[in-house]
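Going by the working numbering, the sequence shown opens with residue -18, and the numbers climb by one from there. Report on the following structure.
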Amino acid sequence: MTVNIKSTAAFCGQAAKILSVGSFLLLCAALASAGTPANPEAIPEISPMPTFLAPRVLDPVYMEIDGADAPVSDEPIADAEPVAEPKPAPASAPTADPAPTADPAPTADVEPAAAEPEPESTAGFVLESTAGSPAGRYVASEPAPKSTAEFEAESAAAAPYADLRRSIDELQEELRSLQTQVKKKQDVPDTSKKFSAKAGGMLAWDSVTIDQSDENRVLYGDIDNDFASRDLRLWVKGEGYDNLDYEVCLGYTGSLSFKNVMLTAKNVPLFGTARIGYFKVESGLNFASNVYDNTFVDWESCDRTFQVGRRLGVGSIHYNEDKSLRFFTGVYTGQNLAIGDGKHANENNDNVGLILNTRLTAVPIYSEGADGELLEVLHLGAGLRWVDPGHDSKTGADRPTTLRAAPVDWLSDMTPLLSGSIVTNSYTVTNVEAAWQKSRFGVIGEGHIGNYSGYDNAYGVSATGRFLLTPGAYQKYNKSGGCFAGIAVPANMRFVDCENWTCLEGGGVWEVAAQWAWTDLDVLRDVPASVRYGRMNQYTLALNWYWNPQTRWGLNWIYAKPESGFGGAEAVSSSLNTLACQVRFTF
C-alpha cells in the first residue's frame, strides 16, 4: 500500500487538535464537578463528572487521627457528617490570685491513661480499636449498593464522555497504524530509482516404487526403484525503474542448467509487455503454470510429448483493461541456454532453428468474494507453434526432432515407453485448453495435434479433476500468466504440544485429484526399428497435503498402459504401475 507522507502528516496534525479538544472538555468537566460558582443561576448546569473519569487513589494512604493511622478510602466522602467545632469556654469573673502553696512531694512517673475511642462513625469510615493503637483506627467501610435509579442516572451522565473517550481511542489507534505504515514505507527500497532483489528457491524429494508386468519388463528391461533429491532451484527476482522486472533461476536435476533468465518491460509502445531472455515456449495450460504449482509430482505424458521447454527469444504480451484477455506472441531460436555454452547461440551451428509461438487466453467468468477469495473462474485458450528444427552446419541436413512419452520422465533408468526421432524440415503444434473452477472443485482439459511435414499427425489429450477437501481453501488464478497458481491455505499446519498428543494445529489443506492422458505416437511406425511407436493411456490418482502455501506432501499412483512396437512390428500391450511420493517446498 502506498502511503502519502504529506497526507499522513496533515492527518496527524488534525488528530492532535482533536485530542487536545477532547482533553480540554474532560478538564472542564472535572472542574465543573469540583466546585460551585458564585452565581449558580448565571452559569448553565453542567453534568457532574462520571465516576469512571474521576481520579482514583491507587495505593492506600494513611492519615493520623488521634495518634492512629487511618487509610484514606478511594470512595468519595460527600455524605460524611460535619464534625462540630469545639465551643470556647464561657468567660468568668476574674478571681484573686491563689495563695502560694508548698511544693508537692515528688512522686513516681505515672503513665497517662489511654483515651477510649468514641464509638461513632462517619460515612465511608468506621472507627475501630486495635491492640497497637489505643486511640483507635479508622478503616474503610463497605460502600452501600447503588440503586437502579442511581446507576441509570450515572450511566446517562457518562454517555457523552464515553463517546468522546471512544473517539479519542480510535484516533490514537489510527495514528499508531499510520505511523507503522510510514515506517514500513521508509524501509522499502524505492524501485523507481533502482532494482529490488528477492531470493528464493524450490527443493523436491521423490521416492518412486515401480511394478512392471512381464510384458513390460521384456520390452523395456527392469526399471529400478529410486529415492533422491529430484529438483533444486535457486532464483533471484526483482523489479525497478517503475516498469522493469527480472528473474534469474538456476536448476539442478542431475546437471546444472538455467531455468529462467529474462528481463520484462511494461507499457512498451506496440509491444505492450515485452520480454527478452531465456523462458518458456507457451504450450498449453498445464505447462504454463510453475512447476511448484503442479497438482501432480510431474507433468503428464501428453505435456511432455508436445512441449519444447525453454528457449532464447523475445516475446510480447497484450492485455485488455481487466486482464480477462491475454495475447502472447514469441519468437525463439532453437538453442538451449546451458551452462558452458559459448558466447553466441549459433557458435556451433549456423542454423539453430526458429520457433514462432502464439497463445490466446480468455477469462469470461471471474468472481471473487469480499475477502478476495476466488469463487469461480472459467478459462478458455488456444495456441499455435511453428517450428523449424534447423540444419547441421557441416552437412546441411535437417536436425532430428525427438518425440517421447513416459509416465515418470525424471528417473535415470526410465526408458520412455514411446519414443523416437524423425527428420522433418518443419512442423506445427496446435493446442486448445479449457478449465472451470468453482469454489473447491475444478476441472481442466487440453488437446494437442502435431503435424509433421512428411509424416502422419501425432495426438494428445488430457483431462484433470481436483477437489479441495478443506473448507475455505481454493486454487488461485494468475491473470498475468494465463494459468492457475498456488493453493490458498486458510489455516497453516503447525506442530504444538506433541507430548500431550496435540501435535497438529491448523491442519493445512487436503486435496484429491485424478487425471487421464492419452498419447498417440503412431507417427513413428515407419521409422527404423530402434524406435518404439504406438499409443499409451495414463491414469493418475493423487492425494496432496499442503502444510502451508509453500510446503506440500504428495502421493501419486500412476498406471500406464502402452501398446507399443518396434518399427513395423505388431504392437504389444503391457502395463507399468508407479507409486510416487514427493515432498516439495519453496522458500
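C-beta atoms are modelled at their ideal positions from N, C-alpha and C, and glycine is treated no differently. All values derive from a computational prediction rather than experimental measurement.
- The beta-carbon separation of Phe465 and Lys457, rounded to 7 Å, stays under the 8 Å limit for a contact.
- In the DSSP annotation of this structure, the continuous segment of the alpha helix (DSSP H) that includes Ala269 starts and ends at Leu266 to Ala269.
- Between the alpha carbons of Glu220 and Val295 lies a distance of about 19 Å.
- Three or more Cβ pairs closer than 8 Å define a contact, and the region 242 to 249 falls short of that threshold against the region 268 to 278.
- For a cut-off of 8 Å, the C-beta gap from Phe287 to Val410 is around 5 Å, short enough to register as a contact.
- In this structure the region 224 to 234 does not touch the region 274 to 289; the number of beta carbon pairs closer than 8 Å is below three.
- With at least 16 other beta carbons inside 10 angstroms of its own, Ser264 counts as buried.
- Contact between Thr339 and Gly364 holds, since their C-beta atoms are separated by about 7 Å, short of 8 Å.
- Straight through space, the alpha carbons of Thr310 and Lys247 are spaced by roughly 15 Å.
- Between the region 182 to 199 and the region 555 to 562, the count of C-beta pairs closer than 8 Å reaches three or more; the two stretches touch.
- Leu251: not part of any beta strand (DSSP E); DSSP gives it neither H nor E.
- Residue burial is scored here from C-beta neighbours: Ala143 has fewer than 16 other C-beta atoms within 10 angstroms and is therefore classed as exposed.
- DSSP places Thr276 outside both helix and strand once states are collapsed to three, so it counts as coil.
- Here Thr405 is actually not in contact with Gly441; their C-beta atoms are around 18 Å apart, not less than 8 Å.
- Straight-line spacing of the CA atoms in Arg147 and Glu155 works out to 12 Å.
- Pairing Asn525 with Trp538 gives a Cβ-Cβ distance that is not under 8 Å.
- Apart from sequence neighbours up to five positions away, the residues of its chain that approach Phe277 with a beta-carbon distance below 8 Å are Ala494, Gln496, Thr521, Ala523, Gly535 and Asn537, ordered along the chain.
- For Lys542, the beta-bridge partners assigned by DSSP are Asn518.
- Per the C-alpha coordinates, the member of Leu251, Lys419, Asn529 and Pro543 positioned closest to Glu357 is Lys419.
- In the DSSP assignment, Thr286 falls within the unbroken alpha helix (DSSP H) covering Ser282 to Phe287.
- Of all alpha-carbon atoms in Gly350, Asn438, Leu335 and Asn197, the one lying nearest the alpha-carbon of Pro370 is that of Leu335.
- Assignment of Val512 by DSSP, reduced to helix, strand and coil, places it in the coil class.
- Boundaries of the beta strand (DSSP E) harbouring Tyr300: Arg291 to Tyr300, taken from the DSSP string.
- In the DSSP secondary-structure assignment, Val242 is bridged to Val229 and Tyr259.
- Counting only residues of its own chain and dropping the five nearest sequence neighbours on each side, Thr532 has a CB closer than 6 Å to the CB of Phe566.
- DSSP links Tyr313 through a beta bridge to Gly294 and Ile336.
- The Cβ atoms of Ala541 and Leu398 sit closer than 8 Å to each other.
- Assignment of Glu133 by DSSP, reduced to helix, strand and coil, places it in the helix class.
- Cβ-Cβ distances below 6 Å link Ser443 to Glu281, Cys283, Glu427 and Ala498 in the same chain, with the five nearest sequence neighbours on each side left out; the list follows chain order.
- Taking every protein chain shown into account, the CB of Asn438 has fewer than 16 other CB atoms within 10 angstroms, so this residue is exposed.
- Excluding the 5 residues flanking it on each side, Arg307 has same chain C-beta neighbours closer than 6 Å at Tyr300, Thr342 and Gly463, in chain order.
- Nearest neighbour of Phe568 by Cα position, chosen from Gly315, Leu213, Asn317 and Pro452, turns out to be Leu213.
- If you compare the alpha carbons of Leu225, Arg421 and Ser402 with that of Val490, the shortest gap goes to Arg421.
- Taking the Cα of Trp417 as reference, the smallest distance to any Cα among Thr396, Ser158 and Tyr455 is reached at Tyr455.
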